[in-house]
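Each remark here refers to the structure printed beneath this line.
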Amino acid sequence: MAGKKKIKPDQLRSQRWYKGVSLSAFTHRSRSKQMGYGPEEFHDKPAIAIINTWSDINQCHSHFKVRVEEVKRGIWQGGGFPIELPAMSLSEPFVKPSTMLYRNMLAMEAEELLRSHPIDGVVLMGGCDKTTPALLMGAASMDIPAIFVPAGPMLRGNYRNQFLGSGTDSWRFWDELRAGTIDEEEWYEAESGIARSPGHCMTMGTASTMTSAAEALGMTLPGAASIPAADSNHARMASATGRRIVDMVWEDYRPSDIIKRENLENAITTVMALGGSTNAAIHLLAIGHRLDLGVGLEMFDTLSRKTPVLADIQPSGRFLMEDFYYSGGLRALLNRIRDLLHTEASTANGKTLGENIESAEVYNDDVIRTRDNPMSDEGGLVVLKGNICPDGAVIKHTAADPKFYNHTGPAVVFESHPDLLARIDDPDLDVTADSVIVMKNAGPVGGPGMPEWGMLPIPKKLLKAGVRDMVRISDARMSGTSYGTCVLHVAPESFVGGNLALIETGDMITLDIFGRTLNMEVSDEELAKRRDAWTPPKPHYPRGYGWMYAQHIQQADKGCDFDYLQSTDPIAEPELHH
Ligand code: FES
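Each residue of the sequence shown is one higher than the one before, starting from 8 at the first, in my numbering.
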């Protein structure tokens with residue numbers, strides 16, 4: 008429980024390593040002294056890990072090299088002993104084939120870093136897409152006191168006096184370049200202005216969605232997720248987080264004390280009100296399963312129907328995270344929907360969510376809309392079921408053209424992403440604006456790693472004719488900064504024999520967003536015949552992490568965690584020899 012000191016110094020987990028007359032304690036003390044630390048540092052003080060996902064190739068965390076010193080400052084001030092532990096940084100644009108292939112690896116790394124070292128509590132530093140869920144998953148499973156420092160969004164992009172949004176405007180410029188409406192000079196000029204400060208993507212992509220969800224889960228200090236990385240308030244939030252974690256250790260205040268089902272519902276409601284990324288439907292399920300909260304994909308549809316989208320932020324809206332911060336940020340938005348939240352939910356600072364958002368005001372009703380002028384009456388995520396996706400699929404309908412909300416059209420099928428890239432711009436491709444583009448083998452196993460290929464490109468000949476949206480279906484994910492009528496996360500995926508694998512070009516497909524269905528007009532008998540003729544594709548990996556991943560990854564409707572990680576079975580503390 009928060010607020011009460013429950014742990015005495017000799018009960019600190021770290022003191023097993025440091026105290027007593029034993030060869031192992033001698034070794035730990037002498038090796039700490041080798042680094043210049045003395046008993047005044049490592050005796051009877053909470054040892055606080057800082058899991059830092061900085062690296063020379065993670066642009067979104069480039070300020071973490073400095074920010075970690077501010078976290079340490081706070082830990083010293085609070086009376087703790089900071090221990091920085093670097094972890095893989097999962098830079099979204101650089102890691103191939105997909106950071107999602109490695110999210111669980113970072114989650115395991117975080118958990119095992121904490122288990123194997125003399126650590127009493129942890130500050131988690133992340134923000135670039137998969138780092139937030141990975142660190143929260145690892146911390147939830149280890150279940151020692153933990154708090155999250157969100158990287159903060161980068162400043163608005165700037166190009167020829169226009170604001171540019173991460174991802175969203177890249178796709179738009181790419182479509183315009185392919186359609187021939189901008190030239191290469193403009194294309195190169197835009198790339199110098201679209202990402203101009205440290206911090207994660209500043210649209211409502213997966214990063215802003217998941218850092219906001221982390222705050223709504225109760226795992227950050229209040230207001231932390233909205234502060235731009237370049238703002239000096241971000242540095243002060245980092246040191247305040249360092250001070251707070253030390254108290255959390257004395258209070259023995261753990262993730263399992265904070266994150267209850269109510270917190271998870273708050274996080275989902277928050278994602279909906281923000282018009283957040285569809286990726287949240289995977290990551291929040293994974294976190295919920297780690298804590299055995301009895302969660303399921305249907306929660307997203309239920310809460311989506313009740314929650315208006317109030318954040319007018321790209322890609323569903325007009326503004327960017329910097330505008331959101333100046334307009335009051337997440338606390339202000341949450342205060343506007345407080346009747347939809349469990350305000351009694353616990354948070355890291357020991358207060359309830361309701362107390363933390365009490366005084367938060369909105370300063371700009373254009374960016375954070377009023378309840379009677381929402382972006383949309385419902386949240387931005389619909390869960391579909393049908394014979395294409397018996398275990399579910401999702402669509403961000405707020406980023407889709409409403410004319411496709413109820414649409415029937417013939418399938419144009421691509422067997423894989425390479426097949427799509429090879430044929431999509433073929434002038435002879437038999438496709439019209441009413442066709443439904445289907446891509447197979449891009450799911451958790453098939454991708455591998457469920458890459459963000461789900462915003463399938465519009466065929467060039469249709470782009471040139473002015474078409475900018477079509478119905479598209481795959482078992483891939485989509486970047487939170489993407490848009491269009493893209494059905495995603497089809498489960499089970501085609502690579503493992505889901506019905507998506509059985510669709511053929513010409514099959515009539517009906518998407519009914521109002522009715523929450525996605526079906527192909529193919530009889531059960533015909534599907535059975537096609538299944539008999541279907542042969543599984545060759546596995547991607549003969550050995551290594553990829554092989555292990557393919558054996559244990561779960562489907563999107565379960566959160567894509569490894570089956571053996573989704574349990575709360577206790578693991579014994581490591582033996583200290585001698
Ligand atoms: Fe890091 Fe978008 S590239 S959040």
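Backbone N, C-alpha and C define an ideal beta-carbon position, used for all residues, glycine too.
Quick caveat: nothing in here was measured; it's all calculated off a predicted structure.
Judged by DSSP in its simplified three-state form, residue 241 adopts helix. In the structure shown, residue 101 falls within a coil segment according to DSSP collapsed to helix, strand and coil.
Within the same chain, and ignoring the five residues on either side of residue 503 in sequence, the residues whose Cβ sits closer than 7 Å to its Cβ are 452. By the criterion of at least three beta-carbon pairs nearer than 8 Å, the region 167-175 is not in contact with the region 218-228. The set of residues with a C-beta under 6 Å from any non-hydrogen atom of ligand 1 comprises 67, 99, 100, 135, 136, 173, 207, 208, 212, 214, given in chain order. When secondary structure is reduced to three states using DSSP, residue 67 falls in the helix class.
With respect to residue 55, residue 89 sits close: the two C-beta atoms are nearer than 7 Å. In the structure shown, residue 183 falls within a helical segment according to DSSP collapsed to helix, strand and coil. Exposure of residue 428 is indicated by the presence of fewer than 16 other C-beta atoms within 10 angstroms of its C-beta. Restricted to the region 158-224, the beta strand (DSSP E) segments that are unbroken, complete and at least 3 residues in length are 164-166, 169-171, listed in chain order. Per DSSP, the beta bridge partners of residue 399 are 498. Secondary structure at residue 422: coil, using DSSP grouped into helix, strand and coil. A Cβ-Cβ distance of about 6 Å is found for the pair residue 211 and residue 281, placing them in contact under the 8 Å criterion. Here residue 276 carries a helix assignment [DSSP, helix/strand/coil]. Taken atom to atom, the span from the alpha-carbon of residue 94 to that of residue 141 is near 11 Å.
By the CB criterion at 7 Å, residue 134 and residue 114 fall outside the cutoff. According to DSSP, residue 133 shares a beta bridge with 157. Residue state for residue 383 is assigned as strand, using DSSP reduced to three classes. Beyond the five residues adjoining it in sequence on each side, residue 411 comes within less than 6 Å, by CB distance, of 478, 492 in the same chain, given in chain order. Residue 205 counts as buried, since no fewer than 16 other beta carbons sit within 10 angstroms of its beta carbon. Residue state for residue 327 is assigned as coil, using DSSP reduced to three classes. For residue 569, DSSP records a beta bridge to 560. Note that the region 430-440 does not touch the region 538-545; fewer than 3 beta-carbon pairs, one per stretch, sit closer than 8 Å.
Assigned with DSSP and collapsed to three states, residue 471 falls in helix. Bounds of the beta strand (DSSP E) holding residue 479 are 478-481. Under the DSSP assignment, residue 432 falls outside any beta strand (DSSP E); it carries neither an H nor an E label. For residue 91, the enclosing beta strand (DSSP E) has its first and last residue at 88-93.
If you look at residue 342, you'll find it in the alpha helix (DSSP H) that goes 336-343. When the Cα atoms are used, residue 11 and residue 575 turn out to be separated by approximately 26 Å. Here the region 155-162 makes no contact with the region 253-263; the two share fewer than three CB pairs at distances below 8 Å.
Counting along the chain, residue 289 sits inside no beta strand (DSSP E); it lies in the alpha helix (DSSP H) bounded by residues 287-297.
DSSP, reduced to helix, strand and coil, places residue 510 outside both helices and strands of the structure shown, so it counts as coil. By a beta-carbon distance limit of 8 Å, residue 178 does not contact residue 457. Their separation comes to about 19 Å. Three or more Cβ pairs drawn from the region 399-418 and the region 379-391 lie within less than 8 Å of each other, which places the two stretches in contact.
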